[in-house]
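Undergrad:
In full-length UniProt numbering, the protein residues as written are 1 to 1220.
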């Protein structure tokens, strides 16, 4: 070292074991770090992060050099000169083909002052000496390739030829050997802390430089999610294609519905005109009927008013007559209560009573006279008695005769009046009976008419014609539906045939894709043979043994050709193989062992085969596209045929419903007619019964009136005649009484005379009695005289009110009652006739009103439909469209149903389009979403209030284009994209699986190599294992599952899109990979395990902490040394180069263990560069070169170990014995 971190010139001999002593931080480790740099380690990696760069620390000036003198395999010495690159960015290397000579580096020397050449001047020196040297090498990789004779690195360099020439001259390894990765081993040996981690990093670095790299994926989760989302959308589209087919059917049905609405609307205008005219006619007829009703009502009101007025007058007369008669009867009763007849008779007796009074006065006078002549008195009295009684008797006889004559006259008048009364009632009854008979005959004829109608009720000719016309339309509709069904079946058969053809083409395409895959694999296999990977055995054979195909190529296993851990070298040419001579000319070279021309020919054949397969695949895909187009067209034909069939079927069903409805309405009309006839019959029967009842009532009332009038007449005449008879009887009684009185008075007068003659005495008692009789008689006469005016009033009342007025009133009352009965009959007849006319007009009015209401409803419905249809944009009629001629009601119902179906179709289409719109908006990829958004924007319309809204119906054709064209195209794109994504993760899995396999191979090799070195006391078992951690990766299970799923899809020829399980595996795998992504080196994928068995306990060490805390730390370190020894043998291969180990921990080991390590190193051509601070340690005796660094002077000094006197004497004796 010249002018490095140690001032001046410093020489460190490394031939044999070397140790550097010194205190801590004196620079021991700093010198050890230069060993891995010599073997090709990056200088920047050996300098701690806390220090300056390697260049600033070790090569601070332009004249700073680190010179490595080493022995070439040929026995010649060579140098590697490191110097600063001068730009502050690194170092540069130069190989020199001579032994080290300090004078070559000294430019001038002035005493102790020395000036050295810089790198440029040093080149001139070597050139002047004619010494072979290389150009300055600024690349560490190029330097490492030369010093290690690493042909794989040389071949990757742009100046490979130059590097190979340098390696043949300056390489540390023989020409048939290399020391690839030895710098990693040396650095791992030198690692002071983190030994386990360093060894793991070394193994990982070796694997990495052998082509093993942690896989990485360029897949972005967002892209995969987008692919999954769109794939799921496409898969969902395919799964809901039946729903889309239904949508297409619904859309076609909507179009058909709108055509039918247009056809119906075409005839509605003329229907409106005709319907308006019909309504006007019905309104005129209705007004006429109402006029007739009003006239009938008016006439009835007038007639009934007149009759009711007459009846009211008659009733008033009846009431007046009845009241007057009641008053007369009351007066009569009052007179009877007064006993007026008796008073009247008493009044007639007054003369007699006066005469009797005078007679009694005379008797009294006789009784009181004492001196009169008795005889004269007697005779006078007797004469007076005769005269008065005879006059009274004669008067009574005259009155009796008058009464008898009056009785005869009254009886004759009674008979005449009763005869007249009977004749009037008989005539009235006869007229009523005749009128009743006429009315009954009319009602009976009406009853017979309605009964005949009920018995003969049936459908009208118009109704039968309607049914016949409708049945004809039903037959035509059924025939059309049958034809449509046949057309639909034929279209479906054609669609099924095309679908089968497409499936066959799809199967052929699947097979062809497998053919393309096989051709691609064959092409890739040939390509791998033509262009082998770096460091592989195949590449070595192609470069080093051009004729290997005819020798080893015939017997080598093909899987060995791709391996890069076999360390092939060119050996001496022999005619045998591992000591066996074979006639390989008899063996045909296999496909993998062919020369460039053969491989080029095979590659061309494989390329042509691949192109043909791809061309056939493209042709099949084109045929499938054409077939798909034809299938889609046929599907549309099926949809149209199905729509037509459904329409015709619905029309047939609708006509059947119309027939059922018509029959029901006709039956209802028939039932109504029958019911109306029955009602009319019942009404006629009720009228007839009412007429009979009224007649019977009339007859009964007439009889009652007749009886009452007769009784009143008879009562009246009976009373008058009775009074006469009573007078006659009274007169007879009075005559008898008067005669008896005369006789009595004569007898008494005679007795008086005789008594007077006998005794001439006075009887006081007789006088008193007589005076009392006279007083009583006088009182009676006074009382009667007081009632004389009453009797006069009675006579006047009897003569006028009772005798004249009462009979007249009785007659008038009977006439009034008869008139009331007659008027009641007339009113009933008028009412009956009016009701009959009113019912007829009401029936006509109802029929007309129903027709008018129906027509108005039709007009209202028609107007609403026309208004609704006017708001719609309906297709125009074509030549093939027909305008239906069905009845208006049926067409109105059909139009209403078609409007409802249209709204239902539009509602369902809107809902389904919204569903597709939502799914496309959330799941579609950018391209599909952009197309859809453009179509969607074209279907945005402005409503009347300026609000933008989507026309879902207008969007259906775009959706059809999407589903039938873009979706299949997009599925194909997504299939290829999914295949690419799958291949990416499949490659990711393959790399990890290869790493796992390589780690396992390295573990097996290292385990085998470790078993042969360093026998350890007390340790019955020891092993070192390189364990792969790939199986512990979080995503490994998911990745394996995905790999299996991808392989399954590959086996299916990547046909169609993979299922949801595949997509979810892809997402989950990528998600886990993204969460626990592999970053850094392969070291994270492996783990070093030290296994010891001391006594009965097993110890497993995986980390440095476990190593430091282990109770058998020394043993564990020895195990590490065994591992490093084994790895050194593996890396050095068959080279005889001595490898230097910069070990920093030897001072902590027992002398015996250090001796074991040294012995093992010497057996494996390894020189140890130790560094521990104790210069007096016994271990120093094991080193050939011993140095110490003076911390104050920073000088490197040679140290001689202390020699034990006993050891010196033993050595002297052994020397003497040897000499003797």
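For each residue, glycine too, the CB sits at the ideal point set by N, CA and C.
(1) Once the 5 residues before and after residue 1061 are set aside, which same chain residues still bring their CB inside 8 angstroms of it?
(2) Provide the residue(s) that pair with residue 1197 in DSSP beta bridges, ordered along the chain.
(3) Write down the C-beta distance between residue 1167 and residue 1009 rounded to the nearest angstrom, noting that I regard them as a contact closer than 8 angstroms.
(4) With 7 angstroms set as the bound, which would you pick, yes or no: does the beta-carbon of residue 266 sit closer than that to a beta-carbon of chain C?
(5) Note down the Cα distance separating residue 156 from residue 539, rounded to an integer number of angstroms.
(6) Quick check: residue 231 and residue 930, are their CB atoms within less than 7 angstroms of each other?
(7) With a CB to CB cut of under 6 angstroms and the five nearest residues on each side skipped, what residues in its chain are close to residue 346?
(8) In its own chain, which residues sit with a C-beta less than 7 angstroms from the C-beta of residue 22, not counting the 5 before and 5 after it?
(9) For residue 385, which residues from the same chain have a beta carbon less than 8 angstroms from its beta carbon, with the 5 sequence-adjacent residues on both sides left out?
(10) Look at the Cβ atom of residue 1030, then the Cβ atom of residue 994, and state whether they are nearer than 7 angstroms.
(11) Measuring alpha carbon to alpha carbon, tell me which of 596, 670 and 336 ends up nearest residue 463.
(12) Is the number of C-beta pairs between the region 639 to 648 and the region 244 to 263 that are closer than 8 angstroms three or more?
(13) DSSP three-state call for residue 164: helix, strand or coil?
(14) For residue 1141, which beta-bridge partners are listed by DSSP?
(15) In the region 749 to 824, which residue ranges form an unbroken beta strand (DSSP E) of at least 3 residues, counting only runs that do not cross its ends?
(16) For residue 658, collect the residues of the same chain with a Cβ closer than 7 angstroms to its Cβ; drop the 5 residues on either side in sequence, then sort them by chain order.
(17) In the DSSP assignment, what are the bridge partners of residue 84?
(18) Report yes if the C-beta of residue 91 is less than 6 angstroms from at least one heavy atom of the ligand HEM; otherwise report no.
(19) Under 8 angstroms, with one C-beta from each stretch per pair, do the region 1117 to 1124 and the region 184 to 200 reach the 3-pair mark?
(20) Using alpha carbons as the reference points, say which of 861, 98 and 163 lies closest to residue 268.
(21) For residue 136, which residues in the same chain have their Cβ closer than 6 angstroms to its Cβ, ignoring the five residues on either side in sequence?
(22) In this structure, how does DSSP classify residue 1213 when only helix, strand and coil are distinguished?
(23) I'd like to confirm the pairing. Which residues does DSSP put opposite residue 19 in its beta bridges?
(24) Classify residue 987: buried if its beta carbon has 16 or more other beta carbons within 10 angstroms, exposed otherwise.
(25) How about residue 400 and residue 798: do their beta carbons lie closer than 7 angstroms?
(26) Determine the extent of the beta strand (DSSP E) in which residue 940 is found, giving its start and end residues.
(27) Which of the three DSSP states is assigned to residue 531 in this structure?
(28) Which value, in whole angstroms, describes the spacing of the CA atoms of residue 355 and residue 388?
(29) Could you name each continuous alpha helix (DSSP H) segment of 4 residues or more that falls completely within the region 939 to 1003, going from the start of the chain to the end?
(30) What do you reckon, are the CB atoms on residue 97 and residue 128 nearer than 7 angstroms?
(31) Roughly how many angstroms separate the alpha carbons of residue 939 and residue 954, rounded to a whole number?
(32) Closest to residue 187 by CA distance: which of 37, 442, 835 and 1131 is it?
(33) Report the rounded CA-to-CA distance for residue 290 versus residue 896, giving the unit in angstroms.
(34) Can you have a look at residue 531 and say buried or exposed, based on whether 16 or more other CB atoms are within 10 angstroms of its CB?
(35) Using alpha carbons as the reference points, say which of 1171, 150 and 293 lies closest to residue 1183.
(36) Please state if the CB of residue 485 and the CB of residue 638 are separated by a distance shorter than 7 angstroms.
TA: Working from what's here:
(1) Locating residue 1061 in the chain shown gives position 1061, where the first residue counts as 1. Within the same chain, residue 1061 has close Cβ partners 1045.
(2) Position 1197 of the chain shown, counting from 1, holds the residue named residue 1197. Residue 1197 is bridged to 1188.
(3) Position 1167 of the chain shown, counted from the start, is the residue given in the question as residue 1167. Position 1009 of the chain shown, counted from the start, is the residue given in the question as residue 1009. In fact, because the Cβ distance is near 20 angstroms, the residues do not count as touching under 8 angstroms.
(4) Included in the structure is just one protein chain, with no chain C present.
(5) Looking up residue 156 in the chain shown gives position 156. Looking up residue 539 in the chain shown gives position 539. Answer to the nearest angstrom: the Cα atoms are 12 angstroms apart.
(6) Against the chain shown, residue 231 aligns to sequence position 231. Against the chain shown, residue 930 aligns to sequence position 930. Cβ distance not < 7 angstroms, so residue 231 and residue 930 don't count as in contact.
(7) The count along the chain shown starts at 1 and reaches residue 346 at position 346. So the list reads 784, once near-sequence residues are dropped.
(8) For this step, residue 22 is matched to residue 22 along the chain shown. Closer than 7 angstroms at the Cβ level, and outside the excluded window around residue 22, lie 28, 1173, 1188, 1189 and 1191.
(9) Taking the chain shown and counting its residues from 1, the one referred to as residue 385 is at position 385. Excluding residues within five positions, the ones whose Cβ falls inside 8 angstroms are 359, 742, 745, 746 and 749.
(10) Sequence index remark: in the chain shown, residue 1030 carries index 1030 (1-based). Sequence index remark: in the chain shown, residue 994 carries index 994 (1-based). In this structure, residue 1030 keeps its C-beta atom at 7 angstroms or more from the C-beta atom of residue 994.
(11) Here residue 463 corresponds to residue number 463 of the chain shown, with the count starting at 1. Residue 670 is the option with its Cα nearest to residue 463.
(12) Taking 8 angstroms as the limit for Cβ pairs, the verdict is that the region 244 to 263 does touch the region 639 to 648.
(13) Within the chain shown, numbered from 1, the residue matching residue 164 stands at position 164. Correct three-state label for residue 164: helix.
(14) Counting from 1 along the chain shown, the entry for residue 1141 is found at position 1141. Paired residues: 1168.
(15) none
(16) Start at 1 with the first residue of the chain shown, and residue 658 comes out as number 658. The residues are 470 and 890.
(17) In the chain shown, the residue the question calls residue 84 occupies position 84. DSSP output for residue 84 lists 91 as bridge partner(s).
(18) Judged by which ligands are present, the structure shown has none, so any question about the ligand HEM falls away.
(19) yes
(20) Position 268 of the chain shown holds residue 268. Ranking the options by Cα distance to residue 268, first place goes to 861.
(21) Locating residue 136 in the chain shown gives position 136, counting from the first residue. The answer, listed in chain order, is 92 and 94.
(22) Mapped onto the chain shown, residue 1213 falls at position 1213. Note: residue 1213 maps to helix in three-state DSSP.
(23) Taking the first residue of the chain shown as position 1, residue 19 is located at position 19. According to DSSP, which records beta bridges pairwise, residue 19 is partnered with 1170 and 1186.
(24) The residue given as residue 987 occupies position 987 in the chain shown. The residue is exposed, with fewer than 16 neighbouring Cβ atoms inside 10 Å.
(25) Counting from one through the chain shown, the residue named residue 400 turns up at place 400. Counting from one through the chain shown, the residue named residue 798 turns up at place 798. No, these two residues do not count as a Cβ contact at 7 angstroms.
(26) The residue you call residue 940 lines up with position 940 of the chain shown. Going by DSSP, residue 940 is part of the beta strand (DSSP E) stretching over 940 to 942.
(27) Counting from 1 along the chain shown, the entry for residue 531 is found at position 531. Correct three-state label for residue 531: coil.
(28) By 1-based counting over the chain shown, the position of residue 355 is 355. By 1-based counting over the chain shown, the position of residue 388 is 388. C-alpha separation (whole angstroms): 7 angstroms.
(29) 952 to 961
(30) To locate residue 97, count along the chain shown from 1; it is residue 97. To locate residue 128, count along the chain shown from 1; it is residue 128. Cβ atoms of residue 97 and residue 128: not closer than 7 angstroms.
(31) Stepping through the chain shown from its first residue, residue 939 is reached at position 939. Stepping through the chain shown from its first residue, residue 954 is reached at position 954. Approximately 6 angstroms, taken between the alpha carbons.
(32) Indexing the chain shown from 1 puts residue 187 at position 187. It is 37.
(33) On the chain shown, position 290 is the one that residue 290 refers to. On the chain shown, position 896 is the one that residue 896 refers to. Whole-angstrom Cα-Cα distance: 34 angstroms.
(34) Taking the chain shown and counting its residues from 1, one reaches residue 531 at position 531. Result: exposed.
(35) Position 1183 of the chain shown, counted from the first residue, corresponds to residue 1183. Measuring from the Cα of residue 1183, the nearest candidate turns out to be 1171.
(36) Walking along the chain shown from the start, residue 638 turns up at place 638. Walking along the chain shown from the start, residue 485 turns up at place 485. Their beta carbons are not under 7 angstroms apart, which means residue 638 does not touch residue 485 by this criterion.
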